[in-house]
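Each residue of the sequence shown is one higher than the one before, counting from 43 in the numbering used here.
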Amino acid sequence: MNPPSIHRTGTGLSLGLGVLIYLSSLAGGMIGSDVALFAASDPSVVVDAHVVDSLSMPMTDGCQNWKLESSTLATMGGNGWMIVEVSRPLDTGDAQDRPIVYDVDPWTAPTRIIAAWGDDDAVSYHGDKKARGSIRIFANYTGEVTEERALLDTLESGMDGYFDVVQVDYEIPSNETTYFALCRTFDELNLTFTEGQSSLTMIGAVPILDEDTLKFVHHFTVYLVKECEFTLETAFYRSMIYAWAPGDAGTALPNDVGFPLFDTENKQALFIEIHYHNPSLVSGMIDSSGMRFYYVNEERTHKAGILEIGDPWVMLYDTDISDGLTQYSFTCPGDCSNSFVAEEGVTILSEALHMHKTGVRMTNEVIRNGEVFHKAVADVYDFDQQGAFLTPQESYQVLPGDSFRTTCYYKDGSKFGIGSSDEMCIAFIMYYPARDLLGMPWICPHGIPDNGSGCVTELEQEDLDSIDDLGRSFGTSTNECTASSTVTAAPPVSIESSEETISAPSRAPATADTPAGSGSVTAAPFGPTTPDNTTLSDAAEFGVSFVLQVVTSIFVVATVMLSP
43 MNPPSIHRTG
53 TGLSLGLGVL
63 IYLSSLAGGM
73 IGSDVALFAA
83 SDPSVVVDAH
93 VVDSLSMPMT
103 DGCQNWKLES
113 STLATMGGNG
123 WMIVEVSRPL
133 DTGDAQDRPI
143 VYDVDPWTAP
153 TRIIAAWGDD
163 DAVSYHGDKK
173 ARGSIRIFAN
183 YTGEVTEERA
193 LLDTLESGMD
203 GYFDVVQVDY
213 EIPSNETTYF
223 ALCRTFDELN
233 LTFTEGQSSL
243 TMIGAVPILD
253 EDTLKFVHHF
263 TVYLVKECEF
273 TLETAFYRSM
283 IYAWAPGDAG
293 TALPNDVGFP
303 LFDTENKQAL
313 FIEIHYHNPS
323 LVSGMIDSSG
333 MRFYYVNEER
343 THKAGILEIG
353 DPWVMLYDTD
363 ISDGLTQYSF
373 TCPGDCSNSF
383 VAEEGVTILS
393 EALHMHKTGV
403 RMTNEVIRNG
413 EVFHKAVADV
423 YDFDQQGAFL
433 TPQESYQVLP
443 GDSFRTTCYY
453 KDGSKFGIGS
463 SDEMCIAFIM
473 YYPARDLLGM
483 PWICPHGIPD
493 NGSGCVTELE
503 QEDLDSIDDL
513 GRSFGTSTNE
523 CTASSTVTAA
533 PPVSIESSEE
543 TISAPSRAPA
553 TADTPAGSGS
563 VTAAPFGPTT
573 PDNTTLSDAA
583 EFGVSFVLQV
593 VTSIFVVATV
603 MLSP
């Protein structure tokens, strides 16, 4: 498959995925996705639907908010195009729809869009007729550029240099779970300081992944440590600077924020812990995965930090999780933020929520004066779609006295542990300015004694009676519709036929040499805009144009999904 591409046409963005096509959800898969269904057998109708937590038929929404703007079937001797354009408000207020949020900043989650198609008379399993990609709907991209390329352009244009920390021909053991410590000191990285310089500043990072061994790499966690030899002291004083899991393309920090490298005695080495998952006990696989770190020589205005809460040190190790549905809540008290956070507070840039395979929902709440004022939610969690769920949200402030409550929900979990088949419950919160207490970075792990910081986590566990007790919002319906409550019809379909050419709207890549089966997605925000032409109003319209070239026939059913 060719790499995805994005280009802007007027106010729209077009996503092309080579020989496949897809539109994405919050985590990049069908589970938890907002769906628009189109059938060529009834080309004047689009159906608003959704998928919750099973790979089954999409369920029709109680409120039909997707509007069919146009559809075109263009044929040429058995080959042709199917072109569908749909739109809806950015935020419909309907829990069976995914709100479309401002997604420009590279440290936040992009909009993930997936698509599937087939040639049956009704919706059925799509098989390999699917595609997916990530786009930043509100970004001002020019030319054809992938989400990954846009991130690299940002980092490369602002860097003074980069360095790699990677495996060197490492043979993955034929064990189900392996943790490998990859550590490099300043000298081992062959880095140098200019006269008067005493540190570097990391401005972003991207994973370096080996395609042959990618399926074995479960996650990375990256820390700055005093030395490469692990001791109890390094555990307490190590500073996390990144966590990677499948589905993550990397990150870039704001222009005035960065992670200081090698600036104190506790940050003289860079430590990557790689978790390999090899359930089939395959032998002979040689890995060269790792991370690339981009840096500048100067300090930035704000030093970044990552707060780990929940159970980041897996102190519940080997604790059994009951069958059925269960809930574990970890509360980090306000005394902890009182110890670490100054009066002006800290700014939260992003939150990544992490569980393993039996996790089905996760939340991270910030509580102020007894009231929840912020809630990061993975309403439908699926590790296979995205191992660390980066919640779509804007930045916000945390003040002294604020507490955190991190809640993980499991279905038929086994036990807590570090293995791939075990469970975890961790929230990674990137913020600035970084806070520490006597050189120890701000962290609130479960299960450690009070060291005077007040960061003593309280655990509550509860067995749940039914799926309704998960407290999900997505997929529920009040049947109070702000838009039309019936399936939306469009103007008559345009059907074009030619023995020599395929006629398609200007957004479609209608060229004779376009690869068969290829397609593109156009995401065009309409409505009130800011001076840089980004749409911010919740009432603004979001348009998607789905374009598909087929080889043997016009596909009968197309599915476009906004994924978690």
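No residue lacks a Cβ here, since even glycine has one placed at the ideal position from N, Cα and C.
Legend entry - Secondary structure of Asp-485, DSSP reduced to three states: Note that residue 485 is Ile in the sequence shown here, rather than Asp. For Ile-485, the three-state secondary structure derived from DSSP is coil.
Legend entry - Validate contact between the stretch 200-209 and the stretch 272-281 using beta carbons, cut 8 Å, 3 pairs: no
Inset, instruction - Could you tell me the boundaries of the alpha helix (DSSP H) in which Arg-191 lies? - result: 189-200
Inset, instruction - Give the single residue among Ile-156, Phe-446, Val-402 and Tyr-336 whose Cα lies nearest to the Cα of Ile-390. - result: Phe-446
Legend entry - Given 8 Å, three or more beta-carbon pairs between the stretch 469-480 and the stretch 392-403: yes
Inset, instruction - Name the residue from Asp-139, Ile-73 and Thr-153 whose alpha carbon lies nearest to the alpha carbon of Asp-145. - result: Thr-153
Inset, instruction - Decide yes or no for the touch test of the stretch 480-493 against the stretch 417-436: beta carbon pairs closer than 8 Å, at least 3 of them. - result: no
Inset, instruction - Taking only the alpha-carbon atoms, compute the straight-line gap between Gln-209 and Asp-254 and give it to the nearest angstrom. - result: 14 Å
Legend entry - Cβ pair count under 8 Å reaching 3, the stretch 318-328 against the stretch 440-458: no
Legend entry - Buried or exposed (CB count within 10 angstroms, at least 16 for buried), Leu-12: Past the boundaries of the shown model lies residue 12; the chain is included only from 43 to 606, so the question cannot be answered.
Legend entry - Rounded Cβ spacing between His-260 and Ser-462 (contact assumed at less than 8 Å): The pair is a contact, with the Cβ atoms about 6 Å apart (cut-off 8 Å).
Legend entry - Nonlocal neighbours in the same chain, by C-beta distance under 6 Å from Gly-352, ignoring five residues either side: Phe-372, Thr-448, Cys-467, Ile-468 and Ala-469
Legend entry - Exposed unless 16 or more other CB atoms sit within 10 angstroms - verdict on Ser-216: Exposed.
Inset, instruction - From the DSSP output, in three-state form, read off Ile-468 for me. - result: DSSP, read as helix, strand or coil, puts Ile-468 in strand.
Inset, instruction - Could you check which residue in Gln-106, Gly-160, Arg-226 and Gly-443 has the C-alpha nearest to that of Val-414? - result: Gly-443
Inset, instruction - Note down the Cα distance separating Thr-102 from Asp-90, rounded to an integer number of angstroms. - result: 6 Å
Inset, instruction - Could you check what DSSP says for Ser-379 in three-state terms: helix, strand or coil? - result: helix
Legend entry - Span separating the alpha-carbon of Ala-151 from that of Ala-294: 12 Å
Inset, instruction - Using alpha carbons as the reference points, say which of Phe-180, Glu-340 and Val-324 lies closest to Gln-239. - result: When only C-alpha atoms are compared, the closest one is Glu-340.
Inset, instruction - Inspect the CB distances between the stretch 231-245 and the stretch 349-367 and report whether three or more fall short of 8 Å. - result: no
Legend entry - Cβ pair count under 8 Å reaching 3, the stretch 332-349 against the stretch 295-306: yes
Inset, instruction - Reducing DSSP to helix, strand and coil, say where Thr-255 ends up. - result: coil
Inset, instruction - Can you have a look at Ile-328 and say buried or exposed, based on whether 16 or more other CB atoms are within 10 angstroms of its CB? - result: exposed
Inset, instruction - Check whether the Cβ atoms of Asn-308 and Tyr-279 sit closer than 7 Å, and answer yes or no. - result: Cβ atoms of Asn-308 and Tyr-279: closer than 7 Å.
Legend entry - Every unbroken beta strand (DSSP E) inside the stretch 308-362 [3 residues or more]: 311-319, 332-338 and 347-352
Legend entry - Whether Ile-73 touches Asp-421 by CB criterion (7 Å): no
Inset, instruction - Tell me Pro-249's beta-bridge partners as DSSP assigns them. - result: Met-333
Legend entry - Cβ-Cβ distance between Ser-515 and Gly-104 below 7 Å: no
Inset, instruction - Can you check DSSP and say which residues form a bridge with Gln-503? - result: Paired residue(s): Tyr-370.
Inset, instruction - Measure the beta-carbon distance from Phe-382 to Met-404 and round it to whole angstroms, keeping in mind my assumption that it falls under 8 Å. - result: So it is not a contact: roughly 24 Å between Cβ atoms.
Legend entry - Distance CB(Val-440)-CB(Val-402) smaller than 7 Å: no
Legend entry - Straight-line Cα distance separating Tyr-337 from Tyr-212: 27 Å
Inset, instruction - Pull up the CB-CB distance for Asp-377 and Gly-489, whole angstroms please, since I reckon it's below 8 Å. - result: The Cβ separation is near 17 Å, so there is no contact.
Inset, instruction - Identify whether Thr-276 lies in helix, strand or coil by the three-state DSSP scheme. - result: helix
Inset, instruction - With DSSP collapsed to three states, give me the class of Asp-510. - result: helix
Legend entry - Burial state of Glu-189, where buried means 16 or more other Cβ atoms lie within 10 Å: Counting other Cβ atoms within 10 Å of its Cβ, Glu-189 reaches 16 or more and is therefore classed as buried.
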